[in-house]
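Novice: Residue numbers (the working numbering): 22 to 360.
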Ligand SMILES: C[S@@+](CC[C@H](N)C(=O)[O-])C[C@H]1O[C@@H](n2cnc3c(N)ncnc32)[C@H](O)[C@@H]1O
């Protein structure tokens, strides 16, 4: 009996040793798995933080400049373009990076930016530029005709009205849009809304003069150019700025739109609710209202309608002289050297 008891004791010792070994093994495995999990978590978090730092905003310096050298001298030594050289290179670089097929440009003037875009797409198959300028005079696009007529085969120019008039003709699937119009409110905020329904998902939008609230803040027009600054900053997407010292002295930037921009349209429509610096002619207002009714929802429509009705009176009481050029080009051309 005692012997038997001894056996039982021995057996239970073996069992408990086995049990201990097994448990020990399990806890080692558990610790190892936990350790590996923590390492993976740290690597993952580092990756997220690292990527975010790189993306917001991404200073863009990888220009493919060779193709730009062909037009550089003309743009530097003529009155075709009032962009800085770094801005021209940035626009060229963005086009070369994204290789867009369908491009829309708002704001042509003599055609400096049209030349940059047309030159940058000359070797991109099926690429085409549609340019729009609200003015209808000889000057609009004249530098393309004068200096680079060979680039015109990929170009369609619409003159004399706002984008709302031409967008259905141009059609959807736009890969890239370039905005350089008034910089005064409503300006580019409104222009963006007129192009947005025709943009491809994840299209690229480029805005000139995004820092005029600072770089153009002296003189009688002090602090009046906010439109590009506002819209550039509220659009959701990956932002690109030129390389170099300083933050607000680039005055140009690009955005690769986030997917599903529909989610954000109410913010974009609300951005029109500030005090406008000019009031577009009623014929343009009619086009805008019809456009918004067709391509936006009721909330956007109501928001924009209210902004229009408020600003119709507001601008009457607070006109900005320099901007008369837009409202009545003939009467005030001597007051207006630059829009
Ligand atoms: C700053 S200039 C454009 C300069 C040109 N992008 C360049 O870099 O050489 C602005 C032009 O925008 C035009 N403009 C103003 N408002 C506009 C609008 N809503 N739609 C289209 N063009 C507009 C003006 O007539 C003017 O020619």
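Ideal placement from N, C-alpha and C gives every residue a C-beta, glycine not left out.
Going by DSSP in three states, residue 213 sits in which element: helix, strand or coil?
Specialist: Residue mapping note: residue 213 aligns to position 192 of the chain shown, counting from 1. DSSP places residue 213 in helix when its eight states are reduced to three.
Novice: Just verifying my parser: in three-state terms, what is the DSSP assignment at residue 230?
Specialist: Position 209 of the chain shown, counted from the start, is the residue given in the question as residue 230. Residue 230: coil per DSSP, three-state reduction.
Novice: Pick out whichever of 120, 121, 122 and 140 has its Cα sitting closest to the Cα of residue 109.
Specialist: Position 88 of the chain shown, counted from the first residue, corresponds to residue 109. Nearest of 120, 121, 122 and 140 to residue 109, Cα basis: 140.
Novice: Taking the continuous beta strand (DSSP E) assigned at residue 186, which residues delimit it?
Specialist: Taking the chain shown and counting its residues from 1, one reaches residue 186 at position 165. First-last for residue 186: 184-191, but that is the alpha helix (DSSP H), not the beta strand (DSSP E).
Novice: To which residues of the same chain is residue 313 closer than 6 Å at the C-beta, ignoring the five residues directly before and after it?
Specialist: Translated into positions along the chain shown, residue 313 becomes position 292. Contacts found: 322 and 325.
Novice: Cβ of residue 229 within 8 Å of any heavy atom in ligand 1?
Specialist: Here residue 229 corresponds to residue number 208 of the chain shown, with the count starting at 1. Answer for residue 229: yes, Cβ within range of ligand 1.
Novice: Do the region 145-152 and the region 117-129 make contact, defined as three or more Cβ pairs closer than 8 Å?
Specialist: Short answer: they touch.
Novice: Quick one: is the Cβ of residue 184 within less than 8 Å of any heavy atom of ligand 1?
Specialist: Position 163 of the chain shown, counting from 1, holds the residue named residue 184. Flag set: Cβ of residue 184 near ligand 1.
Novice: From 292, 291 and 225, pick the residue whose C-alpha is nearest to that of residue 260; which is it?
Specialist: Indexing the chain shown from 1 puts residue 260 at position 239. With distances taken between Cα atoms, residue 260 lies closest to 225.
Novice: Going straight from the alpha carbon of residue 286 to that of residue 50, what length do you get?
Specialist: The sequence position of residue 286 within the chain shown is 265, counting from 1. The sequence position of residue 50 within the chain shown is 29, counting from 1. C-alpha separation (whole angstroms): 52 Å.
Novice: For residue 263, list the residues DSSP reports as bridge partners.
Specialist: Counting from 1 along the chain shown, the entry for residue 263 is found at position 242. Answer by DSSP bridge pairing, in chain order: 81.
Novice: For ligand 1, is there any heavy atom lying closer than 8 Å to the beta carbon of residue 104?
Specialist: Indexing the chain shown from 1 puts residue 104 at position 83. Within the cutoff, so yes.
Novice: Tell me whether residue 177 sits in a helix, a strand or coil according to DSSP, three-state version.
Specialist: For this step, residue 177 is matched to residue 156 along the chain shown. Strand.
Novice: For ligand 1, is there a heavy atom less than 8 Å away from the beta-carbon of residue 201?
Specialist: Your numbering for residue 201 matches position 180 in the chain shown. The answer is yes for residue 201.
Novice: Residue range of the alpha helix (DSSP H) that residue 287 falls in?
Specialist: Numbered from 1 along the chain shown, position 266 holds the residue referred to as residue 287. Looking at the DSSP string, the run of the alpha helix (DSSP H) that includes residue 287 is 286-291.
Novice: Between the region 202-216 and the region 181-188, do three or more beta carbon pairs fall short of 8 Å?
Specialist: Counting Cβ pairs under 8 Å, three or more are found: they touch.
Novice: May I ask which residues mark the beginning and end of the beta strand (DSSP E) holding residue 153?
Specialist: Counting from one through the chain shown, the residue named residue 153 turns up at place 132. Where residue 153 is concerned, the enclosing beta strand (DSSP E) stretches over 149-154.
Novice: Is the beta carbon of residue 258 less than 9 Å from the beta carbon of residue 271?
Specialist: Counting from 1 along the chain shown, the entry for residue 258 is found at position 237. Counting from 1 along the chain shown, the entry for residue 271 is found at position 250. In this structure, residue 271 does not lie closer than 9 Å to residue 258 by Cβ.
Novice: Quick one: which unbroken alpha helix (DSSP H) runs of 4-plus residues sit fully inside the region 80-112? Chain order, please.
Specialist: The region 80-112 contains these whole alpha helix (DSSP H) runs: 90-97.
Novice: How many Å lie between residue 96 and residue 133 at the Cα?
Specialist: Looking up residue 96 in the chain shown gives position 75. Looking up residue 133 in the chain shown gives position 112. So the two alpha carbons sit approximately 7 Å from each other.
Novice: Run the CB neighbour count on residue 125, radius 10 Å, all protein chains shown included, and call it buried at 16 or more, exposed below.
Specialist: Taking the first residue of the chain shown as 1, we reach residue 125 at position 104. Buried.
Novice: Would residue 309 and residue 211 qualify as a contact pair, given that the criterion is a beta-carbon distance under 9 Å?
Specialist: Locating residue 309 in the chain shown gives position 288, counting from the first residue. Locating residue 211 in the chain shown gives position 190, counting from the first residue. Against a cut-off of 9 Å, the Cβ pair of residue 211 and residue 309 comes out as a contact.
Novice: Taking the Cβ atom as the reference point for each residue, do residue 249 and residue 209 lie within a distance shorter than 9 Å?
Specialist: By 1-based counting over the chain shown, the position of residue 249 is 228. By 1-based counting over the chain shown, the position of residue 209 is 188. A contact, by the Cβ cut-off of 9 Å.
Novice: At which residues does the beta strand (DSSP E) containing residue 132 begin and terminate?
Specialist: Position 111 of the chain shown, counting from 1, holds the residue named residue 132. Looking at the DSSP string, residue 132 is not in any beta strand (DSSP E), and its letter there is neither H nor E.
Novice: Expressed to the nearest angstrom, what Euclidean distance is found between the alpha-carbon atoms of residue 128 and residue 203?
Specialist: Position 107 of the chain shown, counted from the first residue, corresponds to residue 128. Position 182 of the chain shown, counted from the first residue, corresponds to residue 203. Rounded to whole angstroms, residue 128 to residue 203 spans 8 Å at the Cα level.
Novice: Please report how far the alpha carbon of residue 130 lies from the alpha carbon of residue 207, in whole angstroms.
Specialist: One-based indexing of the chain shown puts residue 130 at position 109. One-based indexing of the chain shown puts residue 207 at position 186. Their backbone Cα atoms lie some 19 Å apart in a straight line.
Novice: Exposed or buried, which one is residue 264 when buried takes at least 16 other CB atoms within 10 Å?
Specialist: The sequence position of residue 264 within the chain shown is 243, counting from 1. By the 10 Å Cβ count, residue 264 comes out exposed.
Novice: Kindly indicate which three-state DSSP category residue 145 falls into: helix, strand or coil?
Specialist: Reading the chain shown from its first residue, position 124 is the one you call residue 145. Coil.
Novice: By how many angstroms is the C-alpha of residue 246 removed from the C-alpha of residue 200?
Specialist: Within the chain shown, residue 200 is the residue found at index 179, counting from 1. Within the chain shown, residue 246 is the residue found at index 225, counting from 1. Rounded to the nearest angstrom, the two C-alpha atoms are 14 Å apart.
Novice: I'd like to check one pair, residue 182 with residue 298: are the Cβ atoms closer than 9 Å?
Specialist: For this step, residue 298 is matched to residue 277 along the chain shown. For this step, residue 182 is matched to residue 161 along the chain shown. No, these two residues do not count as a Cβ contact at 9 Å.
Novice: Return the CA-CA distance between residue 296 and residue 58, expressed in angstroms with no decimal places.
Specialist: Position 275 of the chain shown, counting from 1, holds the residue named residue 296. Position 37 of the chain shown, counting from 1, holds the residue named residue 58. Approximately 54 Å, taken between the alpha carbons.
Novice: What are the boundary residues of the alpha helix (DSSP H) that residue 196 is part of?
Specialist: The residue you call residue 196 lines up with position 175 of the chain shown. Per DSSP, residue 196 belongs to no alpha helix (DSSP H); it is in the beta strand (DSSP E), 195-200.
Novice: In angstroms with no decimal places, state the Cα-to-Cα distance between residue 173 and residue 235.
Specialist: Taking the first residue of the chain shown as position 1, residue 173 is located at position 152. Taking the first residue of the chain shown as position 1, residue 235 is located at position 214. About 36 Å.
Novice: Based on Cα-Cα distance, which residue from 135, 68 and 64 lies nearest to residue 171?
Specialist: In the chain shown, the residue the question calls residue 171 occupies position 150. Of the candidates 135, 68 and 64, the one whose C-alpha sits nearest the C-alpha of residue 171 is 135.
Novice: Does DSSP classify residue 329 as helix, strand or coil?
Specialist: By one-based count along the chain shown, residue 329 stands at place 308. Helix, per DSSP.
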